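Following: one structure in structure tokens, then a few remarks.
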């Protein structure tokens, strides 16, 4: 059996519920600044989340939901400018402490560090957004907790392609059998599985709870903690009611066992 060497985390929706009250709000503020009458409400944003990446999401919105918009000649630059403004608004929201980490996340990160388990990030969001969230939710130097941060456009294809996980594994010098991936979406699970990772922990949210997680090892509503147990929707329940390192080692053993 492979030894557990690292935990690799998605960010948006996994470390924190950043989508509805973080990214969506920041997009709308950027649109208003640009004099646009676009308003991404909660249901619409849920549909837009079928596309990963902020710039890609804006283009998808224009293609599918706002075809009457008079597109500027330099559309790529226009979208990039909106996305830069959105990132600035998102970072301001994070600086205000608007979005906390999800239940059990900090506990598990600290336990992993104490156990000598390496940490990494694999996300489609920008490095700036990652830093903003970590800086507002972990102690000073929190980014240093993560040995490798795979974020944004560092790879050619975003999730559901496996590129970002392939990149993180290569940088860490690890095989897929040595890591546990943490995701919240079907695209994320497809990405991790495509990189050969068999042990995938999913914590759902309101946008993703009905997605296909058949490739995941376990699906929960959160990582849980001693005060409030996680609700398990599929897979092996943690004996203590929350996800910890011992549970992840057992889960990895099960995932890597011959069929």
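Residue numbers (my numbering): -17 to 241. Ideal Cβ positions, reconstructed from N, Cα and C, are used throughout, including at glycine. Computed from a predicted structure; not experimentally measured.
- Counting along the chain, residue 233 sits inside the alpha helix (DSSP H) bounded by residues 227 to 238.
- Judged by beta-carbon spacing, residue 225 lies beyond the 8 Å limit of residue 215, meaning their Cβ atoms are not closer than that value.
- For residue 165, the enclosing beta strand (DSSP E) begins and ends at 161 to 165.
- DSSP, read as helix, strand or coil, puts residue -9 in strand.
- Taking residue 175 as reference, the option from 191, 189, 157 with the minimal CA-CA separation is 157.
- Partner residues in the beta bridge of residue 217, as assigned by DSSP, are 200.
- Between the stretch 53 to 72 and the stretch 109 to 127, the count of Cβ pairs shorter than 8 Å is three or higher; the stretches touch.
- Residue 185 has 202 as its beta-bridge partners, per DSSP.
- Restricting attention to 146, 218, 60, the CA atom closest to the CA of residue 171 is found in 146.
- Counting the other CB atoms within 10 Å of its CB gives residue 139 a total below 16, which places it among the exposed residues.
- Per the coordinates, the alpha-carbon of residue 58 lies some 26 Å from the alpha-carbon of residue 131.
- Rounded to the nearest angstrom, the gap between the Cα atoms of residue 25 and residue 188 is 10 Å.
- Annotation for residue 178: 158 place their beta carbon closer than 7 Å to its own, counting only its chain and skipping 5 residues before and after.
- Following the DSSP letters along the chain, one finds residue 63 inside the alpha helix (DSSP H) bounded by residues 57 to 77.
- Of the candidates 23, 182, 152, 182 places its Cα closest to the Cα of residue -8.
- A distance below 8 Å between beta-carbons, with the five flanking residues on each side excluded, links residue 1 to the following residues of its chain, in chain order: -6, -5, 27, 31, 187, 189.
- As a beta-bridge residue in DSSP terms, residue 100 pairs with -12.
- Counted as a single uninterrupted DSSP element, the beta strand (DSSP E) harbouring residue 130 occupies residues 130 to 132.
- A straight line joining the alpha-carbon of residue 40 with that of residue 206 spans about 34 Å.
- Residues of the same chain with a CB within less than 7 Å of the CB of residue 110, apart from the 5 flanking positions on each side, are 69, 73 in chain order.
- Selection 162, 230, 53, 21 evaluated against residue 218 yields 230 as nearest (Cα-Cα).
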